[in-house]
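**Q**
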């Protein structure tokens with residue numbers, strides 16, 4: 001590791017350990033959605049009013065419900081019907097995940113592009129995690145999708161940090177090294193600060209452990225397999241991992257020769273765009 005990367009890593013770890021790292025708060029609309037969803041008696045109309053305050057978010061949910069993987073015979077054109085179709089829990093978790101895209105803002109085009117790249121890949125992995133969960137497990141697809149959306153959330157504060165430290169921003173090798181080493185730690189911290197469920201808080205720190213064994217299939221397994229799928233046939237290091245040797249892949253019992261499954265997974269990659 002370069003001297004610069006080593007110093008930045010040390011600074012960030014110390015800031016985390018001392019609670020000196022300023023982490024962004026969840027936007028007000030996300031907090032309102034979470035509060036509404038915690039009410040077991042919440043109605044579709046009430047949730048529609050909360051989510052409807054964010055027009056961009058409303059449009060995204062409507063687009064999701066019309067995606068190839070979810071769409072019915074008739075196109076959905078309003079938020080109330082979209083939430084009815086998706087369900088309150090799924091709509092809430094998806095909305096909270098999508099709101100996170102609004103949290104991080106870049107001043108430079110270099111950082112803005114890196115943030116877009118991270119978010120786009122997270123959207124892909126969220127879609128595939130959803131499809132895998134629905135087809136191969138008894139877990140909750142909305143939680144799987146949310147896990148895919150947040151598993152790399154720790155990269156974004158590092159990019160924000162780099163924007164204020166030009167020596168790091170101008171050294172792509174050091175920046176990528178710091179991101180690879182630190183983002184799981186920051187991701188865990190960020191999700192804990194945001195009071196996410198423990199099963200999702202652990203995702204950033206565990207999804208890259210491809211030798212991990214768990215008693216039963218969980219959300220880490222889903223995000224791992226989705227990550228491998230979304231990076232296959234690329235120059236990313238994950239593309240070099242033999243998926244068949246990964247315990248999570250074996251636990252899900254996926255049949256790579258199943259053409260219908262492959263078609264569903266491919267369609268699911270773009271369901272959250």
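Residue numbers (the UniProt record's numbering): 1 to 273.
Each residue gets a CB set at the ideal place from its N, CA and C atoms; glycine is no exception.
Measure the beta-carbon distance from residue 123 to residue 272 and round it to whole angstroms, keeping in mind my assumption that it falls under 8 Å.
**A** Walking along the chain shown from the start, residue 123 turns up at place 123. Walking along the chain shown from the start, residue 272 turns up at place 272. Contact holds; Cβ gap of about 4 Å.
**Q** Taking C-beta to C-beta, are residue 226 and residue 125 nearer than 7 Å?
**A** Within the chain shown, residue 226 is the residue found at index 226, counting from 1. Within the chain shown, residue 125 is the residue found at index 125, counting from 1. Closer than 7 Å, so yes.
**Q** Tell me the rounded alpha-carbon separation between residue 180 and residue 198.
**A** Taking the first residue of the chain shown as 1, we reach residue 180 at position 180. Taking the first residue of the chain shown as 1, we reach residue 198 at position 198. The straight-line gap from Cα to Cα measures roughly 22 Å.
**Q** Could you check the C-alpha separation between residue 264 and residue 11 for me, to the nearest Å?
**A** For this step, residue 264 is matched to residue 264 along the chain shown. For this step, residue 11 is matched to residue 11 along the chain shown. About 43 Å.
**Q** Please work out which residues of its chain come closer than 8 Å, Cβ to Cβ, to residue 87, disregarding the five sequence neighbours upstream and downstream, and give them in chain order.
**A** One-based indexing of the chain shown puts residue 87 at position 87. Excluding sequence neighbours, residue 87 sits near 142.
**Q** Please work out which residues of its chain come closer than 7 Å, Cβ to Cβ, to residue 163, disregarding the five sequence neighbours upstream and downstream, and give them in chain order.
**A** Sequence index remark: in the chain shown, residue 163 carries index 163 (1-based). Non-local C-beta neighbours of residue 163 in its own chain, meaning closer than 7 Å and more than five positions away in sequence, comprise 106, 107, 108, 111, 169, ordered along the chain.
**Q** For residue 93, which three-state DSSP category applies?
**A** Indexing the chain shown from 1 puts residue 93 at position 93. Residue state, collapsed to three classes: helix.
**Q** Run through the region 1-82 for me and flag every whole alpha helix (DSSP H) of 4 or more residues, listed as ranges in chain order.
**A** 3-17, 28-37, 44-51, 55-65
**Q** Note down the Cα distance separating residue 69 from residue 192, rounded to an integer number of angstroms.
**A** Here residue 69 refers to the residue found at position 69 of the chain shown. Here residue 192 refers to the residue found at position 192 of the chain shown. So the two alpha carbons sit approximately 31 Å from each other.
**Q** My understanding is that residue 153 touches residue 190, with C-beta atoms under 8 Å, so please give their C-beta distance in whole angstroms.
**A** Taking the chain shown and counting its residues from 1, the one referred to as residue 153 is at position 153. Taking the chain shown and counting its residues from 1, the one referred to as residue 190 is at position 190. About 6 Å; that satisfies the 8 Å criterion.
**Q** Count the other C-beta atoms from every protein chain shown that fall within 10 angstroms of the C-beta of residue 213, then say buried if there are 16 or more, exposed otherwise.
**A** Counting from one through the chain shown, the residue named residue 213 turns up at place 213. Result: exposed.
**Q** Just the Cα atoms here: how many angstroms apart are residue 15 and residue 188?
**A** Locating residue 15 in the chain shown gives position 15, counting from the first residue. Locating residue 188 in the chain shown gives position 188, counting from the first residue. C-alpha separation (whole angstroms): 14 Å.
**Q** For residue 154, name the three-state secondary structure that DSSP assigns.
**A** Stepping through the chain shown from its first residue, residue 154 is reached at position 154. Three-state result, residue 154: coil.
**Q** Can you tell me which of the three DSSP states residue 248 falls into?
**A** By one-based count along the chain shown, residue 248 stands at place 248. Helix at residue 248.
**Q** For residue 20, does the count of other Cβ atoms within 10 angstroms reach 16, so buried, or fall short, so exposed?
**A** Within the chain shown, numbered from 1, the residue matching residue 20 stands at position 20. Exposed, by the Cβ-count rule.
**Q** Restricting to Cα atoms, I'd like to know which of 231, 260, 222, 81 is closest to residue 61.
**A** Here residue 61 refers to the residue found at position 61 when the chain shown is read from its first residue. Out of 231, 260, 222, 81, 81 has the C-alpha closest to the C-alpha of residue 61.
**Q** Determine the extent of the alpha helix (DSSP H) in which residue 220 is found, giving its start and end residues.
**A** Numbered from its first residue, the chain shown carries residue 220 at position 220. Residues 219-231.
**Q** For residue 194, does the three-state DSSP call read helix, strand or coil?
**A** One-based indexing of the chain shown puts residue 194 at position 194. Three-state result, residue 194: coil.
**Q** Measuring only the C-alpha atoms, how far is residue 182 from residue 73?
**A** Along the chain shown, read from residue 1 onward, the residue named residue 182 stands at position 182. Along the chain shown, read from residue 1 onward, the residue named residue 73 stands at position 73. Using only the alpha carbons, I get a separation of about 46 Å.
**Q** Taking 8 Å as the limit between beta carbons, can you name the residues of its chain near residue 42, skipping five residues before and five after?
**A** On the chain shown, position 42 is the one that residue 42 refers to. Correct list, in chain order: 36, 88.
**Q** Between 149, 136, 29, 232, which lies nearest to residue 204 when the distance is taken from Cα to Cα?
**A** Taking the chain shown and counting its residues from 1, the one referred to as residue 204 is at position 204. Taking only the C-alpha atoms, the option nearest residue 204 is 149.
**Q** Keeping to the same chain, check which residues put their C-beta closer than 7 Å to that of residue 129; ignore five residues upstream and five downstream.
**A** Translated into positions along the chain shown, residue 129 becomes position 129. Contacts found: 144, 145, 147, 148, 222, 223, 226.
**Q** Can you tell me the Cα-Cα spacing of residue 215 and residue 266, whole angstroms?
**A** Numbered from its first residue, the chain shown carries residue 215 at position 215. Numbered from its first residue, the chain shown carries residue 266 at position 266. Between residue 215 and residue 266, the C-alpha separation is close to 29 Å.
**Q** Just verifying my parser: in three-state terms, what is the DSSP assignment at residue 240?
**A** As a first step, residue 240 is located in the chain shown; it is residue number 240 there, counting from the start. Reduced to three states, the DSSP call for residue 240 is helix.
**Q** Under 7 Å, do residue 58 and residue 79 count as touching if we go by C-beta distance?
**A** Numbered from its first residue, the chain shown carries residue 58 at position 58. Numbered from its first residue, the chain shown carries residue 79 at position 79. Yes, Cβ-Cβ distance for residue 58 and residue 79 is below 7 Å.
**Q** Three-state secondary structure (DSSP) at residue 176?
**A** Reading the chain shown from its first residue, position 176 is the one you call residue 176. In this structure, residue 176 counts as helix in the three-state DSSP scheme.
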